[in-house]
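Under the working numbering, the first residue of the sequence shown is numbered 2, with each subsequent residue one higher.
Just so you know, even glycine gets a beta-carbon here, dropped at the ideal spot from N, CA and C.
Nothing here was measured: the structure is a model prediction, and the numbers come from that model.
Everything on this sheet refers to the single structure shown next.
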Amino acid sequence: MTQFNINNQSFLEEEYRSGYLVSRLMKQVWACELDLLNEFLRVCEKYKLKCWADSGTLIGTIRHKGFIPWDDDIDMVMLREDYDKLVKIAPLEFKEPYFLQTIYSDYFCSHRHGQLHNIQTAALPTNNYKKKCCQGIFIDIFILDGYPNSVRTAFKHVKKVRLKKNLIKLSLILKKYIPRPLYKKCRFDLMFFRSYEKTLRQFNINNSDYLAYISLNLKENIKNKDFYSQTLYSDFEYIKIPIPIGYDNILRIDFGDYMTPKKEPTMHGSMDYNVERSYKEILKELHHS
2 MTQFNINNQS FLEEEYRSGY LVSRLMKQVW ACELDLLNEF LRVCEKYKLK CWADSGTLIG
62 TIRHKGFIPW DDDIDMVMLR EDYDKLVKIA PLEFKEPYFL QTIYSDYFCS HRHGQLHNIQ
122 TAALPTNNYK KKCCQGIFID IFILDGYPNS VRTAFKHVKK VRLKKNLIKL SLILKKYIPR
182 PLYKKCRFDL MFFRSYEKTL RQFNINNSDY LAYISLNLKE NIKNKDFYSQ TLYSDFEYIK
242 IPIPIGYDNI LRIDFGDYMT PKKEPTMHGS MDYNVERSYK EILKELHHS
């Protein structure tokens with residue numbers, strides 16, 4: 002059984018929030034994610050890395066002082082330079098059951114941002130149990146990159162980034178068909194991913210007026226750098242989490258009237274969660290059945 006590291010066990014009981022029933026299982030998932038978040042914040046504080054709540058988690062802390070009742074994940078965001086430092090120190094700081102999953106640390110990983118997992122649990126996509134990458138319960142760690150001040154330069158930059166993304170996608174397709182021992186000798190995915198990240202780093206955050214989630218396919222993703230110039234702290238369930246001083250501007254750009262609840266599906270789709278068994282154990286049983 003996963004250790005949730007919470008003082009009030011009543012948090013795990015099912016309850017109605019805003020007219021929505023949050024099950025005991027989802028409460029356990031939330032508790033696991035909050036433990037992951039605490040571990041992430043510990044490391045960020047130790048190394049003085051800036052990070053903030055993002056997306057649904059940012060809405061949740063402002064509107065609900067915790068999770069949006071129908072949300073099942075935690076979203077955090079970091080500046081590129083701090084994210085790069087996190088990736089380097091991850092093997093030293095994150096010990097089992099914690100694991101920072103990136104394309105560099107997980108051979109089967111295909112996403113371009115980081116996820117901090119609890120490998121003693123399971124978060125399996127209901128439509129794809131065959132995935133071989135780490136599938137423990139996780140929190141997302143997104144990345145903010147510097148964005149060009151000039152419209153013309155920005156157009157060229159985005160075009161170049163999209164080209165690099167397509168090369169990564171191509172390399173991941175090849176990965177499926179080339180035998181693993183052979184592919185490990187060339188690792189086209191890592192080669193293209195390093196080139197892609199090098200392109201993203203071309204516009205230093207200190208010399209840019211804007212920041213953007215260029216690594217994601219989001220439409221409204223360009224933000225004024227001043228929105229992240231200071232950090233505030235806000236209640237989120239039974240802990241406090243960092244939020245950017247420009248949270249209102251950020252949320253209005255991304256969601257419009259964010260104070261009016263709208264039940265929308267999670268970006269991860271439908272998931273089968275298990276807080277008592279590792280995804281490895283579950284997948285092993287499935288492969289032998």
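field: Continuous beta strand (DSSP E) assignments of at least 3 residues falling wholly in the segment 41–128
entry: 52–54, 76–80, 99–102, 115–119, 123–126
- request: Classify Ile244 as helix, strand or coil using the three-state DSSP reduction.
  value: Indexing the sequence shown from 1 puts residue 244 at position 243. Three-state DSSP puts Ile244 in a strand.
task: Could you say if the segment 157–166 and the segment 194–212 meet the contact criterion of at least three C-beta pairs nearer than 8 Å?
output: yes
query: Going along the chain, which residues of its own chain have a beta-carbon closer than 8 Å to the beta-carbon of Arg81, five neighbours each way excluded?
result: As a working mapping, residue 81 is identified with position 80 in the sequence shown. These residues qualify, in order along the chain: Ile144, Leu145, Asp146, Gly147, Leu201, Arg202, Ile206.
field: CB of Gln102 within 7 Å of CB of Gln116, strictly
entry: Residue 102 sits at position 101 when you count from the first residue of the sequence shown. Residue 116 sits at position 115 when you count from the first residue of the sequence shown. In contact: Gln102 and Gln116 (Cβ atoms closer than 7 Å).
- request: Along the alpha helix (DSSP H) that carries Ser235, what are the first and last residues, could you check?
  value: By 1-based counting over the sequence shown, the position of residue 235 is 234. No alpha helix (DSSP H) holds Ser235; the beta strand (DSSP E) holding it covers 232–237.
Where Lys281 falls: helix, strand or coil (DSSP): On the sequence shown, residue 281 is found 280 positions in, with the first residue counted as 1. Note: Lys281 maps to helix in three-state DSSP.
Same chain, Cβ closer than 8 Å to Leu13, five either side skipped, listed in chain order: Locating residue 13 in the sequence shown gives position 12, counting from the first residue. Phe5, Ile7, Arg25, Lys28, Gln29, Ala32, listed in sequence order.
field: Candidates Glu238, Leu93, Asp236, Thr232: closest to Ile244 by CA position
entry: Translated into the one-based positions of the sequence shown, residue 244 becomes position 243. Here the closest residue by C-alpha is Thr232.
task: Spatial neighbours of Leu35 within its chain, please: CB distance less than 7 Å, with the 5 preceding and 5 following residues excluded, ordered by chain position.
output: Reading the sequence shown from its first residue, position 34 is the one you call residue 35. Around Leu35: Glu238, Ile240.
task: Name the residue from Lys66, Asn225, Asn39 whose alpha carbon lies nearest to the alpha carbon of Met260.
output: Taking the first residue of the sequence shown as position 1, residue 260 is located at position 259. Answer by Cα proximity: Lys66.
message: From the DSSP secondary-structure annotation, give me the bridge partner or partners of Val23.
response: Reading the sequence shown from its first residue, position 22 is the one you call residue 23. Note: Val23 sits in a beta bridge opposite Glu16.
query: Asn275 lies in the beta strand (DSSP E); which residues open and close that run?
result: Counted from its first residue, the sequence shown places residue 275 at position 274. Residues 272–275.
- request: With a 10 Å radius around its C-beta and 16 neighbouring C-beta atoms as the bar for buried, classify Glu40 as buried or exposed.
  value: Within the sequence shown, the letter at position 39 stands for residue 40. Flag for Glu40 reads buried.
message: Does the segment 93–100 come into contact with the segment 56–63, if we say contact requires no fewer than three beta-carbon pairs (one atom in each stretch) closer than 8 Å?
response: no
- prompt: Hey, Ile254 and Lys226 are a contact pair by Cβ (cut 8 Å); roughly how many whole angstroms apart?
  reply: Here residue 254 corresponds to residue number 253 of the sequence shown, with the count starting at 1. Here residue 226 corresponds to residue number 225 of the sequence shown, with the count starting at 1. Wrong, their Cβ atoms sit about 14 Å apart, outside the cutoff.
- request: On a CA-only basis, which of Asn128, Asn129, Ser106, His158 is nearest His118? Give me that one, please.
  value: Along the sequence shown, read from residue 1 onward, the residue named residue 118 stands at position 117. His118 has its Cα closest to that of Ser106, out of Asn128, Asn129, Ser106, His158.
Assigned exposure category for Thr127 - 16 Cβ within 10 Å defines buried: Walking along the sequence shown from the start, residue 127 turns up at place 126. Exposed: under 16 other Cβ atoms inside 10 Å.
- prompt: Between Tyr84 and Asp141, what straight-line distance do the alpha-carbon atoms span, to the nearest angstrom?
  reply: For the purposes of this step, residue 84 is taken as residue 83 along the sequence shown, with counting starting at 1. For the purposes of this step, residue 141 is taken as residue 140 along the sequence shown, with counting starting at 1. Tyr84 and Asp141: Cα-Cα distance of roughly 12 Å.
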